[in-house]
Amino acid sequence: MKTLIIVDHPYFDRSVVNRRWIDELRKYPDDILIHNLQSSYPHAPINVGQEHSLIENNGAVVFQFPLFWFNSPPMLKSWFDTVLTAGWAYKGGNKLEGKHVALAVTTGGAAEKYDVNAGAQYSLEDYVRPYIQALKYCGADFKGVYAFYGANTSEGESVDASAIAVSARNYVDFINNMAMK
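For reference, each letter of the sequence shown is one residue, going 1 to 181 in the UniProt record's numbering.
This is the structure:
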């Protein structure tokens with residue numbers, strides 16, 4: 001079974017890191033299925049049946065998104081609200097029971113902005129905790145958060161392309177490891 005990558009990025013065409021991650025993942029079509037919510041549902045509501053089928057017919061699941069005002073983008077939140085239904089995801093359905101799941105998150109801010117040991121009020125995990133809890137509530141086997149910090153730079157600067165490339169290769173390793181454990 002393939003690892004399903006559910007991507008939500010409202011400005012994917014302008015993304016540097018998320019697009020590079022997806023470009024890297026596309027090198028493994030036998031192992032990874034990429035499902036972009038923005039392109040799948042540009043003007044239509046989320047097709048719950050289709051989403052259920054994607055989850056049921058694939059292996060591990062990774063939700064990939066940029067931190068968007070200290071949360072996920074709106075469509076991913078809507079996905080959680082509409083797809084994780086009673087009788088399918090919990091309360092007797094348990095379709096996520098034991099399924100390996102993870103989050104892959106990019107942040108505009110540098111890592112120290114999310115380091116509580118360096119004075120930050122909240123960690124990245126604190127911001128995504130509702131998603132982690134929802135997945136665990138549905139019985140999923142949560143495997144962690146893969147993160148890239150500092151995706152937004154000052155005007156005129158660019159993110160280090162070699163750091164992004166290393167991150168993309170490490171993302172593939174993260175996916176392979178989380179899917180196998």
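Just so you know, even glycine gets a beta-carbon here, dropped at the ideal spot from N, CA and C.
Alpha helix (DSSP H) segment containing Thr-3, residue limits: Unbroken run through Thr-3 is the beta strand (DSSP E), 3-7; no alpha helix (DSSP H).
For Asn-47, does the three-state DSSP call read helix, strand or coil? coil
Going by beta carbon distance, what residues of the same chain come within less than 6 Å of Leu-124, once the five residues before and after it are set aside? Tyr-114, Ala-147
Coarse secondary structure for Phe-70, derived from DSSP in three states: coil
Distance between beta carbons of Thr-107 and Tyr-137, contact taken as under 8 Å: The Cβ separation is near 25 Å, so there is no contact.
Could you tell me which uninterrupted alpha helix (DSSP H) segments, each at least 4 residues in length, are contained entirely in the region 78-138, listed from first to last along the chain? 124-137
7 Å Cβ shell around Gly-139 - same chain, five flanking residues per side excluded: Asn-94, Leu-96, Glu-97, Gly-98
Taking 8 Å as the threshold (C-beta atoms), are Leu-33 and Asn-58 in contact? yes
When you compare the CB positions of Ala-60 and His-100, do they come within less than 8 Å of one another, or not? yes
Can you give me the start and stop residues for the alpha helix (DSSP H) that Asp-141 sits inside? From DSSP, Asp-141 is part of no alpha helix (DSSP H) but of the beta strand (DSSP E) over 141-148.
Keeping to the same chain, check which residues put their C-beta closer than 6 Å to that of residue 182; ignore five residues upstream and five downstream. Residue 182 cannot be examined here, being either before or after the span of the chain that is shown, 1 to 181.
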